[in-house]
Amino acid sequence: MADIIELLPDHVANQIAAGEVVQRPASVVKELLENAIDAKATDITLVVKDAGKTLVQVTDNGSGMSITDARLSFERHATSKIKSAEDLFNLHTKGFRGEALASIAAIAHVELKTRTDTSEIGTHLTIEGSKVVSQDPAVVPKGTTISVKNLFYNIPARRNFLKSNPVETRHIIDEFHRVALAHPTVSFQMLHNGSDVFNLPASNSRQRIVHIFGSKTNEKLVPVSEETEIIKIEGFVMKPEYSKKSRGEQFFFVNDRFIKSPYLHHAVSSAFEGLMKNDVHPGYFLFLEVDPHSIDINIHPTKTEIKFDDEHAIYAMLRATVKHSLGQFNIAPVLDFERDKGFDTPYEYSKKSPTAPSIEVDRDFNPFQERAKQGNIKFPFKREVSPSWESLYVGLKDDSGHAHPSGLRSSTEAEMEMEFESEEVTGSIFESKETETGQVTLQLQNKYIVSPLKNGMMVIHQNLAHQRVLYEELLKNITVKEAVSQQLLFPLELHFSKPDVAIIEKVREQLEHTGFIFSELKDETIEISGIPVQILESHVVNLLSQLVHDIKEEVPDTGFSQNDMLAKSMAASMAIKSGVSLNKEEREHLINQLFACKEPTVSPTNKPVFTTLDVSDLDKKFM
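Numbering-wise, the sequence shown is residues 1 to 623 according to the UniProt record's numbering.
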């Protein structure tokens with residue numbers, strides 16, 4: 001039998017390895033920023049064009065590379081981070097595999113400029129698809145500048161799988177956040193398409209968090225600090241009232257390396273138990289320091305998964321530390337045993353001897369005896385009626401035409417009227433004599449609306465039905481006509497981070513068509529003077545926060561699809577939730593609105609809005 005196994009060429013092997021290391025432009029950003037950190041840089045600049053598809057450039061003032069190292073750094077498994085297998089369990093650097101630069105060079109045009117502190121002349125290296133095009137001496141500043149151009153130029157299938165520019169930009173910003181938060185003593189700068197996105201000076205952890213997520217973040221943070229023989233925990237958690245439905249601001253760092261750990265996330269969430277709603281998640285920025293020998297990082301190429309030797313102990317310590325911080329800073333409800341001065345004995349009573357209180361008992365009281373009617377009320381004091389009013393009733397006649405001798409009614413009539421007036425009034429004052437018309441609707445579990453049909457019944461999901469109604473109304477307002485807006489007596493001032501404000505600025509015109517009126521949009525502040533008539537002022541913050549989150553997840557570039565996504569997000573936030581009780585008029589109004597829609601059968605997210613049950617289906621249940 002002929003031999004069929006062959007060694008793959010280096011450029012093919014590099015492209016295969018690149019599929020694991022470089023998944024999108026954000027992967028390139030992560031690898032280059034971590035290399036700059038490992039080079040002991042104190043000033044790092046990231047330049048991105050077209051969400052990294054055209055250019056990703058990282059410039060640092062680190063140690064730089066010699067001529068030989070510059071050429072060797074693009075070879076597979078070439079690294080300065082480790083020397084032997086034992087070093088994998090004593091890592092103090094970000095990288096150690098030696099695959100990143102080789103993988104990047106296999107699928108892009110790479111340009112490297114570097115110079116060490118001891119060299120007078122640096123190196124300028126150009127590589128295209130793993131092939132070295134040129135290597136020349138050059139006059140460059142100390143440090144390293146790596147430019148990655150035309151990512152996936154030789155793998156068009158991978159390039160086609162990339163998302164839209166806003167989505168890829170969001171992933172790049174996420175990676176930038178992770179590296180910048182882990183190293184607050186290093187100054188970072190990020191530019192995208194020529195505009196300055198972040199300019200972070202060297203600072204401490206709290207200031208770095210505030211610089212990234214906005215000035216209002218400072219009042220939301222609760223410090224966390226604990227040190228044991230196994231682990232050292234530092235960082236911050238967000239106050240429970242600032243919890244969000246999304247999982248955006250959740251960061252774990254182990255030895256200054258960002259990780260993802262559902263197990264440790266559960267530890268933090270359990271510490272917030274009883275302080276948050278069920279559908280929200282806490283925010284946290286936690287920095288863990290452990291012995292490098294007690295963790296294994298070499299599990300996944302992205303190095304975001306870590307295996308601990310003793311996960312249960314770390315879980316317990318993390319949960320207890322967060323819970324202690326929440327109680328220490330009066331975030332969690334605690335029993336207060338401090339003395340209240342309001343309970344102190346007044347000075348004039350301090351020398352008086354206590355006396356037993358007198359108890360009066362009605363010995364004739366019988367609970368089983370029928371009580372007198374409420375109309376015959378005996379007052380403990382005698383009422384004296386002035387006779388001056390009697391002259392007003394002289395000569396008045398009763399219904400039979402006879403006048404009372406003194407203008408007064410008998411005591412029996414007065415008592416009867418008192419009894420009548422003191423009876424409990426039932427029903428509505430404005431009772432209508434007309435019979436109720438329209439179909440009878442019922443509400444089941446404050447979630448479903450049940451309406452009878454000729455041959456069965458129809459069950460409508462109230463939340464999804466209202467989403468469909470609002471979706472078509474908002475979409476019409478955005479594309480055809482503007483909605484009515486209600487002016488606010490006092491403008492509403494909201495605080496968001498700079499990237500979030502930029503997102504709202506992009507969809508400002510569409511939001512104004514739905515009824516919003518923005519009086520001012522600054523760096524981190526949004527001032528709203530008018531809101532749509534369908535929503536309450538207290539719901540504006542949640543609506544815009546959810547809208548920003550949805551746009552970050554997947555926003556189309558332009559056109560109708562962006563308006564469609566905007567209408568879907570706002571409809572989901574504004575729709576009545578499950579658990580809200582509706583009266584008869586509200587239920588009928590919602591049903592009428594639903595069947596006036598163009599597509600009443602499905603929600604904006606293509607979920608069924610209602611279902612019908614025939615009598616035959618019910619008959620089968622009793623067979």
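In this text, a Cβ means the ideal position worked out from N, Cα and C, and glycines have one as well. Just so we're clear, the structure is a prediction, and the values are computed from it rather than from any experiment.
To the nearest angstrom, how far is it from the Cα of residue i to the Cα of residue j?
i	j	result
Pro166	Gln562	12 Å
Tyr153	Thr169	19 Å
Arg206	Ala316	25 Å
Arg159	Leu151	8 Å
Thr217	Phe236	11 Å
His513	Leu543	16 Å
His324	Ile212	27 Å
Lys30	Lys40	16 Å
Asn463	Ser243	23 Å
Phe622	Glu273	44 Å
Phe490	Glu527	10 Å
Asp291	Val254	10 Å
residue 626	Leu470	Here the chain covers residues 1 to 623 and nothing more, so residue 626 does not appear.
Ala157	Lys163	13 Å
Val609	Asp619	24 Å
Thr441	Phe595	15 Å
Ser581	Val501	35 Å
Ala567	Lys607	16 Å
His265	Phe251	9 Å
Met458	Pro604	20 Å
Ser119	Ser270	55 Å
Gln510	Gln443	35 Å
Leu536	Leu488	11 Å
residue 624	Asp362	What the structure shows of the chain is the stretch from 1 to 623, and residue 624 is not part of that stretch, so it cannot be assessed.
Met238	Gln135	50 Å
Relative to the C-alpha of residue i, which candidate in the options has its C-alpha closest?
i	options	result
Lys284	Gln328, Thr54, Ile209	A small fix is needed here, since residue 284 is Tyr in this sequence, not Lys. Checking every option, the nearest Cα to that of Tyr284 belongs to Ile209.
Val541	Lys568, Asp550, Ile576, Phe496	Phe496
Asp296	Val602, Asp309, Glu219, Leu7	Asp309
Arg319	Ile231, Phe490, Ser616	Ile231
Gln467	Glu305, Asp564, Ser270	Asp564
Phe258	Glu34, Ser63, Asp279, Asp60	Glu34
Ala138	Gly122, Thr126, Gly64, His461	Gly122
Thr42	Ala102, Ser66, Ala202	Ala202
Ser261	Thr304, Pro367, Lys239	Thr304
Phe161	Glu599, Arg24, Ala108	Arg24
His281	Ala267, Leu521, Pro452	Ala267
Lys577	Glu229, Asp279, Asp196, Asp256	Asp279
Pro240	Glu175, Asn204, Val322, Ile306	Val322
Gly194	Gly248, Asp117, Gly214, Thr54	Thr54
Gly515	Lys476, Asp256, Glu111	Lys476
Cβ of residue i versus every heavy atom of the ligand MG: is any distance shorter than 7 Å?
i	result
Ala138	Absence of the ligand MG from the depicted structure is noted, as is the absence of any ligand whatsoever, leaving it without description.
Tell me which residues share the same chain as residue i and place their Cβ nearer than 7 Å to its Cβ, disregarding the 5 neighbours each side in the sequence.
i	result
Val28	Val22, Gly52, Val56, Ile104, Val148, Leu151
Gln486	Gly530, Ile531, Val533
Pro223	Phe236, Ser325
Phe228	First, the residue type needs correcting, since residue 228 is Thr and not Phe in the sequence shown. For Thr228, where only same-chain residues beyond five positions count, the Cβ hits under 7 Å are Met317.
Taking its Cβ as the centre, do 16 or more other Cβ atoms sit within 10 Å of residue i, making it buried, or is it exposed?
i	result
Lys220	buried
Met574	buried
Ile478	buried
His171	buried
Pro357	exposed
Gly579	exposed
Ile314	buried
Thr612	exposed
Asn446	exposed
Asn61	buried
Ser73	buried
Glu421	Unreliable placement is indicated for Glu421, whose pLDDT of 46 sits below 50; the coordinate value is still reported in the next sentence. Result: exposed.
Are any of the Cβ atoms in chain C nearer than 8 Å to that of residue i?
i	result
Tyr315	Of the chains in the structure shown, none is chain C; there is only one protein chain.
In its own chain, which residues sit with a C-beta less than 6 Å from the C-beta of residue i, not counting the 5 before and 5 after it?
i	result
Arg178	Phe258
residue 651	Lying before the first or after the last residue shown, residue 651 is absent from the chain, which here runs from 1 to 623.
Arg115	Gly64, Gly122, Val140, Lys142
Ser225	Glu234
Gln328	none
Glu111	Thr126, Ser147
Considering only residues of the same chain and omitting the five flanking positions on each side of residue i, which have a CB-CB separation below 8 Å?
i	result
Asp617	Gly456
Mind the definition here: the segment 174-186 touches the segment 142-161 only if three or more C-beta pairs lie below 8 Å; say whether that holds.
The segment 174-186 makes no contact with the segment 142-161: fewer than 3 CB pairs, one atom from each, lie closer than 8 Å.
Closer than 8 Å is the cut-off here; do at least three beta carbon pairs connect the segment 46-56 with the segment 188-195?
Touching, yes, given that three or more Cβ pairs across the two stretches are closer than 8 Å.
Mind the definition here: the segment 542-552 touches the segment 582-592 only if three or more C-beta pairs lie below 8 Å; say whether that holds.
Short answer: they don't touch.
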